[in-house]
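Q: Quick one: this structure, given as structure tokens, is what I'll be asking you about.
2 protein chains.
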Amino acid sequence: MSDITSPTDPYIVVSSDTHAGLNCEEYRPYLDSSLHEEFDQYVAERHEHRRIAEEINADFIAEWEGDNAEGLKGAYDPDIRDKTLDADGISGEVIFADGDAVTGQESPPFGAGLAAGQITDPKKAFGGARAHNRWLEEFCATNPARRAGVALVPITHGVEESVKEIEALAGKPGIKGIMVPTMWHGFPAYGSGHYDKVWAACAEAGLVVHTHSGEADFESYGDNVAMYIREVPFWTHRILWQLLFSGKFDQFPELKYAVVECGSFWVGDILWKADVNFGASNKIKKMGSRMKGLISRLPSEYFGTNVFIGASTMSKEEIRRRQVNGIDALMWGTDYPHPEGSWPNTKERLENDFRDVSIEDTRRLLGLNAIDCYDLDVAGLTEVANRIGPTPESLHQDPNLRTPDNAQRDARWWLDEYGCKMQY
Amino acid sequence: MSDITSPTDPYIVVSSDTHAGLNCEEYRPYLDSSLHEEFDQYVAERHEHRRIAEEINADFIAEWEGDNAEGLKGAYDPDIRDKTLDADGISGEVIFADGDAVTGQESPPFGAGLAAGQITDPKKAFGGARAHNRWLEEFCATNPARRAGVALVPITHGVEESVKEIEALAGKPGIKGIMVPTMWHGFPAYGSGHYDKVWAACAEAGLVVHTHSGEADFESYGDNVAMYIREVPFWTHRILWQLLFSGKFDQFPELKYAVVECGSFWVGDILWKADVNFGASNKIKKMGSRMKGLISRLPSEYFGTNVFIGASTMSKEEIRRRQVNGIDALMWGTDYPHPEGSWPNTKERLENDFRDVSIEDTRRLLGLNAIDCYDLDVAGLTEVANRIGPTPESLHQDPNLRTPDNAQRDARWWLDEYGCKMQY
């Protein structure tokens, strides 16, 4: 890696949030034949889902699919995908399931992707996940330097079976992580000891554990979409605090977790509160000894080593808050090929949003943090970036703008204001 | 009301968060005799709870109760309470149940106060609530100018019965609001239509609806107190968004809601996100028409009219964020007689925290917003404040410091950055 302040090197942009998947019916050959009958019914339901989506939102669907017909095929076609990433300036990507966020046609069998927590039958949960994983392995192997695939493991439905799947995934070219169901529903919470073998297996295999936005407490919203939007970040990053506060990153120091597509605006305030609770609280005197021994560092100190934030297309405000939220933990992403992301206008988006950011901060947010988190192929990515990456010049950046020393430490104002120091 | 910038008028400090209650066994005469048998068992459980608390946290309990023996009796003795408030500089107060937050001895029958959501038997839920309400009416009537009592209504256990209780509470001297269970558990969510008669009755009676921190998703934490602390604000203010996004404040324009003792640090970011969703979102194009017609104003515009924040002993950072979070909605509070609050050192706390705040902002946070929210007796409170209230001088404030015009509007940066304007 050359100097991260270089004003001439193109940016290695790694999108920490992309999606891929076959059209639902095409998962059939990847699915255990014992599930084919249930699968036919699932496919029929998916098509009915599209019909309803078209009824509600016809204009938007027609426009989106019409304008982006070719690029949308990149959800499953590796050649089209590479060309589409090139045109968008993206060198590498972290790939989640569910290519089609508009009408849900590219969902793994039984909704084993972003909706995994909704499956109640363990056989379907594991069967659907494995079908996607088998396809994903092939897909990522087409260009492992660019693709970091996130496999599906429905850990709530069985720890032993999950561990086997994780061990089978270890070392597969281009497979860099697993996604677990966002919510644990009636199963043990993720911070309990119940899943320790899963975390151990992921740490051992070097697979990053993920939750990705999608699920929430649907029952409480009826059809009120504003309630869903309001709560979905909470449900998505809930596991982070379960893992952190239960000491999983002390118990498994190599364990990494990334929360994806639920923004980053919430990070700083939670770190403030949590650091104070462990490092400076008089407030919880009445809690007595109950904070002792849970974790060994201040909560913020796990960020950038064990905890990463797949922040997707960050808002300008989130870019401004990059130091307090974690310049060593935040990973930008396009959400390709979903319409709520920056594709196919990523270059314009970057030019607009990163103008006032230092080159070194930009390198971290756009790629270096993801390279660290997923241990990506720097040489392979550099080769791509040299060909298609945006440059500091193309982002209209000031080459003389430097990040002050200790910028992150200083942005975390509570450390000094409360005199935070690990107390327990 | 004289000029709110007056550098000489004492502050009318209204604590928007205090607690009161009888020692548990003394609720007996207020409880329907049909529940006396269950009550004996409850009292025995409470005493066992204290025994366990003493086992875990002996030193803190001995110190807290030893140092504050007299003031703690103010939980149920009105004369001692008035003297204690006087010494702390507090003119008025908004009173919730559960005087004893350390060992839980001053809890209404069956835990019908802060733990109301944990009761599964409707008879106990209403019986316990009514016992406390009967006592609270007497207690508040001892000095209705100073005391705004918040009665208990377990709305999840029956809408008709709740409406009757609310109608019975209407107009009682010193009764200014009701507290509902924080969580709805298996019952319909608060944003559904199920409780509309309750909201209508509260709007009609001029009673402010509250949730107060206490309950959370205990099952998911095991004995991990850090997880509880992390999540309890979410669970406490969850109802706010249920009411707001389901249009209850449009349906019942006189309805007021206040969320108490879960801080205010979270307000600004949620308002940013929500205002953008309703006022400027391209992101939710794919949601199509699903945002339309839910509410009539931007979410932030309900704050200070329908929505108030009982922010208790605000941190310095929360005081710095007062404009973005809502200078017209935030209400300071002592949490007397709980140890996590500012009592018995409120004067020192105010001197320390409000030094750099303008006099007008201080007046709003410390009292005027609460006076607006609860329609309190200004003349009666002014009389008390003239006797015992802190002054701008005692808080070491600069009499020339003025709040800029439009400070709140300007602090809500997203309104201009996104060009927010109600879209639906």
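Going down the list, the sequences are from chains A and B.
For the first sequence, our numbering begins at 21 and goes up steadily by one.
For the second sequence, our numbering begins at 21 and goes up steadily by one.
Here a beta-carbon is modelled for each residue, glycine too, at the ideal position from N, C-alpha and C.
Treat the numbers as computed from the prediction; the structure is a model and nothing was measured.
Do three or more CB pairs link the region 204 to 213 of chain A to the region 238 to 247 of chain B at distances below 8 Å?
A: The answer is yes - the region 238 to 247 of chain B touches the region 204 to 213 of chain A, with three or more Cβ pairs under 8 Å.
Q: Could you tell me the alpha carbon to alpha carbon distance between Lys367(B) and Gly124(B), rounded to whole angstroms?
A: Translated into positions along the second sequence, residue 367(B) becomes position 347. Translated into positions along the second sequence, residue 124(B) becomes position 104. Roughly 27 Å between the two C-alpha positions.
Q: Terminal residues of the continuous alpha helix (DSSP H) containing Tyr277(A)?
A: Start at 1 with the first residue of the first sequence, and residue 277(A) comes out as number 257. Not the alpha helix (DSSP H): Tyr277(A) falls in the beta strand (DSSP E), residues 277 to 280.
Q: Would you identify the three-state DSSP class for Thr382(B), choosing helix, strand or coil?
A: Along the second sequence, read from residue 1 onward, the residue named residue 382(B) stands at position 362. Helix, per DSSP.
Q: Along the chain, where does the alpha helix (DSSP H) that runs through His56(A) open and close?
A: As a working mapping, residue 56(A) is identified with position 36 in the first sequence. It spans 56 to 87 - the alpha helix (DSSP H) in which His56(A) sits, taken as one unbroken run.
Q: Is Gly346(B) closer than 9 Å to Ser320(B) when the C-beta atoms are compared?
A: Along the second sequence, read from residue 1 onward, the residue named residue 320(B) stands at position 300. Along the second sequence, read from residue 1 onward, the residue named residue 346(B) stands at position 326. The answer is yes: Cβ separation under 9 Å.
Q: Less than 9 Å between CB atoms is the rule here; does Gln262(A) satisfy it with respect to chain B?
A: Indexing the first sequence from 1 puts residue 262(A) at position 242. Yes, Gln262(A) lies at the interface with chain B (some Cβ there is under 9 Å from its Cβ).
Q: Looking at the unbroken beta strand (DSSP E) that takes in His205(B), where does it start and where does it end?
A: Counted from its first residue, the second sequence places residue 205(B) at position 185. Per DSSP, His205(B) belongs to no beta strand (DSSP E) and is neither H nor E.
Q: If we ignore side chains and look at the alpha-carbon of each, how far apart do Met199(A) and Ile259(B) end up?
A: Along the first sequence, read from residue 1 onward, the residue named residue 199(A) stands at position 179. Along the second sequence, read from residue 1 onward, the residue named residue 259(B) stands at position 239. Going by the C-alpha atoms only, they are around 30 Å apart.
Q: Who pairs with Gly352(A) in a beta bridge, going by DSSP?
A: In the first sequence, the residue the question calls residue 352(A) occupies position 332. The amino acid occupying residue 352(A) in the given sequence is Trp; Gly does not appear at that position. The partner list for Trp352(A) (beta bridge, DSSP) reads Ser332(A).
Q: Short of 6 Å in beta carbon distance, which residues of its chain neighbour Phe323(B), apart from the five on each side in sequence? Order them along the chain.
A: By 1-based counting over the second sequence, the position of residue 323(B) is 303. Excluding residues within five positions, the ones whose Cβ falls inside 6 Å are Gly346, Ala349.
Q: What residues are listed by DSSP as bridge partners for His232(A)?
A: Here residue 232(A) corresponds to residue number 212 of the first sequence, with the count starting at 1. Per DSSP, Val280(A).
Q: Does the count of Cβ pairs from the region 106 to 120 of chain A and the region 400 to 413 of chain A closer than 8 Å reach three?
A: Short answer: they touch.
Q: Hey, Pro253(A) and Trp292(A) are a contact pair by Cβ (cut 8 Å); roughly how many whole angstroms apart?
A: Taking the first residue of the first sequence as 1, we reach residue 253(A) at position 233. Taking the first residue of the first sequence as 1, we reach residue 292(A) at position 272. Contact doesn't hold; Cβ gap of about 17 Å is too wide.
Q: DSSP three-state label for Ile195(A), please.
A: Position 175 of the first sequence, counted from the start, is the residue given in the question as residue 195(A). Strand.
Q: Please list, in chain order, the chain A residues whose beta carbon lies closer than 7 Å to that of Arg66(B).
A: Position 46 of the second sequence, counted from the first residue, corresponds to residue 66(B). None at all; the shortest Cβ gap to chain A is about 17 Å.
Q: Within 10 angstroms of the Cβ of Ser54(A), are there 16 or more other Cβ atoms? Answer buried if so, exposed if not.
A: Stepping through the first sequence from its first residue, residue 54(A) is reached at position 34. It counts as exposed.
Q: Could you confirm whether any beta carbon from chain D is found closer than 9 Å to the beta carbon of Ala246(B)?
A: In summary, chain D is missing from the structure at hand, where the protein chains are A and B.
Q: Note down, in chain order, every chain B residue with its Cβ under 7 Å from the Cβ of Asn163(A).
A: Position 143 of the first sequence holds residue 163(A). Those within 7 Å of Asn163(A) in chain B number zero; the least Cβ separation is about 29 Å.
Q: Please state the DSSP three-state secondary structure of Ala431(A).
A: In the first sequence, counting from the first residue as 1, residue 431(A) sits at position 411. Residue state, collapsed to three classes: helix.
Q: Quick one: list the residues of chain B neighbouring Phe285(A), beta-carbon separation under 9 Å, in chain order.
A: Your numbering for residue 285(A) matches position 265 in the first sequence. Simply Asp289, Trp292, Lys293.
Q: Please list, in chain order, the chain B residues whose beta carbon lies closer than 9 Å to that of Ser266(A).
A: Counting from 1 along the first sequence, the entry for residue 266(A) is found at position 246. The answer, in chain order, is Gly242, Asn244, Ala246, Met247.
Q: In whole angstroms, what is the alpha-carbon distance linking Ser301(B) and Leu189(B)?
A: To locate residue 301(B), count along the second sequence from 1; it is residue 281. To locate residue 189(B), count along the second sequence from 1; it is residue 169. Near 43 Å, if we compare the C-alpha coordinates of Leu189(B) and Ser301(B).
Q: What is the C-beta distance between Val170(B) and Ser182(B), in whole angstroms, given that I count them as a contact (C-beta under 8 Å)?
A: Mapped onto the second sequence, residue 170(B) falls at position 150. Mapped onto the second sequence, residue 182(B) falls at position 162. Val170(B) to Ser182(B), Cβ: 15 Å. No contact.
Q: I'd like to know whether the C-beta of Phe269(A) is nearer than 9 Å to at least one C-beta of chain B.
A: Residue mapping note: residue 269(A) aligns to position 249 of the first sequence, counting from 1. No, Phe269(A) lies away from the interface with chain B (no Cβ there is under 9 Å from its Cβ).
Q: Could you tell me whether the Cβ of Phe130(B) comes closer than 9 Å to any Cβ of chain A?
A: If you number the second sequence from 1, residue 130(B) lands on position 110. No, because no Cβ of chain A sits closer than 9 Å to the Cβ of Phe130(B).
Q: Taking 9 Å as the CB-CB cut-off, is Ala349(B) touching chain A?
A: Counted from its first residue, the second sequence places residue 349(B) at position 329. No, Ala349(B) does not count as interfacial toward chain A.
Q: Taking Cβ-Cβ distances shorter than 8 Å, what residues in chain B pair up with Asp314(A)?
A: Here residue 314(A) refers to the residue found at position 294 when the first sequence is read from its first residue. The sequence given here places Leu at residue 314(A); Asp does not occur at that position. Chain B residues near Leu314(A): Asn244, Ala246.
Q: Using a Cβ cut-off of 8 Å, pull out every chain A residue sitting near Ser212(B), in sequence order please.
A: Looking up residue 212(B) in the second sequence gives position 192. Those are Gly242, listed as they occur along chain A.
Q: Would you mind reading off the limits of the beta strand (DSSP E) that contains Phe116(A)?
A: Here residue 116(A) corresponds to residue number 96 of the first sequence, with the count starting at 1. Element bounds for Phe116(A): 112 to 116.
Q: Can the beta-carbon of Gly267(A) be found closer than 9 Å to that of Gly299(A)?
A: By one-based count along the first sequence, residue 267(A) stands at place 247. By one-based count along the first sequence, residue 299(A) stands at place 279. No, these two residues do not count as a Cβ contact at 9 Å.
Q: Report the CB separation of Tyr31(B) from Thr411(B) in whole angstroms; it is logged as a contact under 8 Å.
A: On the second sequence, position 11 is the one that residue 31(B) refers to. On the second sequence, position 391 is the one that residue 411(B) refers to. Tyr31(B) to Thr411(B), Cβ: 7 Å. Contact.
Q: Since Ala331(A) meets chain B, which of its residues come closer than 9 Å, beta carbon to beta carbon?
A: Looking up residue 331(A) in the first sequence gives position 311. Near Ala331(A) there are no residues of chain B at all, since even the closest Cβ is about 14 Å away, more than 9 Å.
Q: So which residues on chain A does Phe254(B) lean against when the C-beta distance must stay under 8 Å?
A: As a first step, residue 254(B) must be located in the second sequence, where it is residue number 234. Near Phe254(B) (Cβ distances below 8 Å), the residues of chain A are Phe254.
Q: Quick check on the DSSP output: what are the complete beta strand (DSSP E) runs of length 3 or more inside the region 128 to 205 of chain B, in order along the chain?
A: Fully enclosed beta strand (DSSP E) runs of 3 or longer: 167 to 172, 195 to 199.
Q: Short check: CB of His230(B) to CB of Val179(B), under 9 Å?
A: The count along the second sequence starts at 1 and reaches residue 230(B) at position 210. The count along the second sequence starts at 1 and reaches residue 179(B) at position 159. Not closer than 9 Å, so no.
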